[in-house]
Amino acid sequence: MQSWPAPEVPRLPGRGPSGQVRDTASGGLHTLDLTRPVRMYVCGITPYDAAHLGHAFTYLTYDLLGRAVRDAGGEVVYVQNVTDVDDPLLERADRDGIDWRALAATEIERYRHDMAALRMIPPAEYIGVVEAIPLIIEMISGLAERGAVYSVEGDLYFPVALADRFGEVSHLTHAAMTESCVANGGDPGRPGKKDPVDPLLWRAHRPGEPSWPSPFGPGRPGWHIECAAIAGRYLGDTIDVQGGGTDLIFPHHEASAAHAEVATGAAPFARAYVHTGLVGLDGHKMSKSRGNLEFVSRLRTRGVDPAAIRLALLGHHHAEDWEWNAGELEAATARLARWRRAVAAPAGPPATALLDEVRGRLAADLDAPGALAAVDRWVDLALSPGAAPGTSALSPPSDGGSVGTAAGAPRLVEETVDALLGVDLSPEEG
Ligand code: 5CA
Ligand code: ZN
Numbered sequence: 001m002q003s004w005p006a007p008e009v010p011r012l013p014g015r016g017p018s019g020q021v022r023d024t025a026s027g028g029l030h031t032l033d034l035t036r037p038v039r040m041y042v043c044g045i046t047p048y049d050a051a052h053l054g055h056a057f058t059y060l061t062y063d064l065l066g067r068a069v070r071d072a073g074g075e076v077v078y079v080q081n082v083t084d085v086d087d088p089l090l091e092r093a094d095r096d097g098i099d100w101r102a103l104a105a106t107e108i109e110r111y112r113h114d115m116a117a118l119r120m121i122p123p124a125e126y127i128g129v130v131e132a133i134p135l136i137i138e139m140i141s142g143l144a145e146r147g148a149v150y151s152v153e154g155d156l157y158f159p160v161a162l163a164d165r166f167g168e169v170s171h172l173t174h175a176a177m178t179e180s181c182v183a184n185g186g187d188p189g190r191p192g193k194k195d196p197v198d199p200l201l202w203r204a205h206r207p208g209e210p211s212w213p214s215p216f217g218p219g220r221p222g223w224h225i226e227c228a229a230i231a232g233r234y235l236g237d238t239i240d241v242q243g244g245g246t247d248l249i250f251p252h253h254e255a256s257a258a259h260a261e262v263a264t265g266a267a268p269f270a271r272a273y274v275h276t277g278l279v280g281l282d283g284h285k286m287s288k289s290r291g292n293l294e295f296v297s298r299l300r301t302r303g304v305d306p307a308a309i310r311l312a313l314l315g316h317h318h319a320e321d322w323e324w325n326a327g328e329l330e331a332a333t334a335r336l337a338r339w340r341r342a343v344a345a346p347a348g349p350p351a352t353a354l355l356d357e358v359r360g361r362l363a364a365d366l367d368a369p370g371a372l373a374a375v376d377r378w379v380d381l382a383l384s385p386g387a388a389p390g391t392s393a394l395s396p397p398s399d400g401g402s403v404g405t406a407a408g409a410p411r412l413v414e415e416t417v418d419a420l421l422g423v424d425l426s427p428e429e430g
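Sequential numbering from 1 applies to the sequence shown in this note's numbering.
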């Protein structure tokens, strides 16, 4: 599937440090190994509605990670999926009387525009479930060969009892897993299942539902197997980073890791499970099913500068749960205007220390708010009354000269903010 156009990323002088990210499975910080390409798989949208700010916050996290790795001289191989066939999509298409394929195509197109507007670096491979059906069938067949598939009235399940490491991503008790399955579209109560939390691999054809032929009869994939199969095919065994919101820790990431580990015999599925906090509105997780949403596309239509949206999201640490409100955007718009004013001058306070600081903040588990605070400090100096070119608020010149002021420093700040934070400080068009 086609992704979206890549933003230009300026090359900065020198190199950033290799960074660390919090790994949900170990609970500790994971140091990325930049001697090899960093292979990153991020769970993509289910395209039955427009992307909201929670989605954008999640994709921003891995965009920052990719920028930091590249700036540190590393290589990133980034894969993202699209769940273009699943219950919520089919239900919404049914409700609205439209073809599920048409609904998916419309929303994927909107998502592409949102991601490009937000300057998200596109994945190298953007893969839909429909196009991945052969890979999924292959992986289920492999699991069957290993005895890791059983049928309940023609629907195929995966026995978690065969996955030694099941539970090592989420660390939930069995009771909590069962409860989470109920909340996340699972079917723990179904008679005939060996374990209530056993995930569905293949759903046999039902009248009115799309299906594909397979050695185990016509049907469609369960949810978790798609990510195991796509990650395995495009990234290989033992990837570096599995990404997505914390809502996916269980059952989704636990189950897809278990599928992949049993199918390939390679463990762990991912060296780090990096999860993004959930963005809420009106006291609840922003979710398409709840309808408490602020859409990226709606803000764009209203004329909001995507750089301000991005800056608002960057104001929160990726692991934090937070609430969106109109004040977020107001504050970000004001900050963006100040930053743009500060970088418009030909000279300003020296900025090499700022570059180091932003790099350092991102290397420390993607501390975006810390990076913004560092830029704010530089901007405060640049805009302070005594900081006209030729003087400096940083270290007042004792000789009346230009100590503490550097020609081209604003340009370096602009490029730092662009390359590492993805925020475009060039004057707004139009
Ligand atoms: N297609 C599946 C993943 S394979 C899916 O979860 N789709 S989704 O459209 O529901 O979510 C897409 C991504 O956005 C997921 O990584 C999910 O964890 C994340 N996400 C969803 N809601 C929020 C939210 N309110 N805040 C932050 N991230 C969110
Ligand atoms: Zn996924």
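Glycine included, C-beta positions come from ideal geometry on N, C-alpha and C. Predicted model only: the values in this text are computed from it and were never measured.
Any non-hydrogen atom of the ligand 5CA closer than 7 Å to N81 Cβ: yes
Terminal residues of the beta strand (DSSP E) in which Y41 lies: V38 to V42
Of the residues D71, R220, F269 and S26, the one placed nearest D356, counting alpha carbons only: D71
Spatial neighbours of A363 in its chain, beta-carbon cut-off 8 Å, leaving aside the 5 residues before and after: G16, P17, S18, G19, Q20, A68 and A72
DSSP state of V77 mapped onto helix, strand, coil: strand
Where T431 falls, given that 16 or more other Cβ within 10 Å makes a residue buried: This structure cannot settle anything about residue 431, because the visible part of the chain is limited to 1 through 430.
H171, DSSP secondary structure in three states: coil
Closest by C-alpha distance to P410, when choosing among R341, I121 and H284: R341
Which of helix, strand or coil DSSP assigns to H284: strand
Other residues of its chain near G265: CB distance less than 8 Å, five sequence neighbours each side excluded: none
Alpha carbon of E153 to alpha carbon of G243, nearest angstrom: 34 Å
Cutoff 7 Å; reference L299; Cβ partners in own chain excluding five residues on either side: I309
Same chain, Cβ closer than 7 Å to Q80, neighbours up to 5 away in sequence not counted: V42, G44, P123 and Y126
Separation of R271 from G28, as counted between CA atoms: 12 Å
C-alpha distance - A374 paired with T416, whole-angstrom precision: 12 Å
Distance between beta carbons of G222 and L200, contact taken as under 8 Å: 4 Å
Distance CB(Y48)-CB(P7) smaller than 8 Å: no
Contact between the region 234 to 243 and the region 138 to 148 (3+ Cβ pairs under 8 Å): no
V304 - DSSP class collapsed to helix/strand/coil: coil
C-alpha gap between V197 and G186, whole angstroms: 8 Å
Ordered list of beta strand (DSSP E) runs contained in the region 173 to 218, each at least 3 residues: 200 to 204
Cβ neighbour criterion (16 or more within 10 Å) applied to A228: buried
S151 (DSSP reduced to helix, strand or coil): strand
Rounded distance between the beta-carbons of A144 and L162, thought under 8 Å: That pair is no contact at about 12 Å.
Near the ligand ZN: G244 beta-carbon under 7 Å from a heavy atom: yes
Cβ neighbours of A288 in the same chain (closer than 6 Å, five flanking residues each side left out): For the record, residue 288 in the displayed sequence is Lys; it is not Ala. Around K288: D49.
Option nearest P5 by Cα separation, candidates A337, M115 and A105: M115
Under 8 Å between C-beta atoms of H275 and I249: yes
Secondary structure of I98, DSSP reduced to three states: coil
CB of L313 within 8 Å of CB of V423, strictly: no
Contact test: T276 Cβ vs the ligand 5CA heavy atom, cutoff 7 Å: yes
Option in S211, G192, L381 and A105 with minimal Cα separation from P134: S211
Unbroken alpha helix (DSSP H) run spanning Y62, endpoints: L53 to D71
Near the ligand 5CA: L135 beta-carbon under 7 Å from a heavy atom: no
Where R271 falls: helix, strand or coil (DSSP): strand
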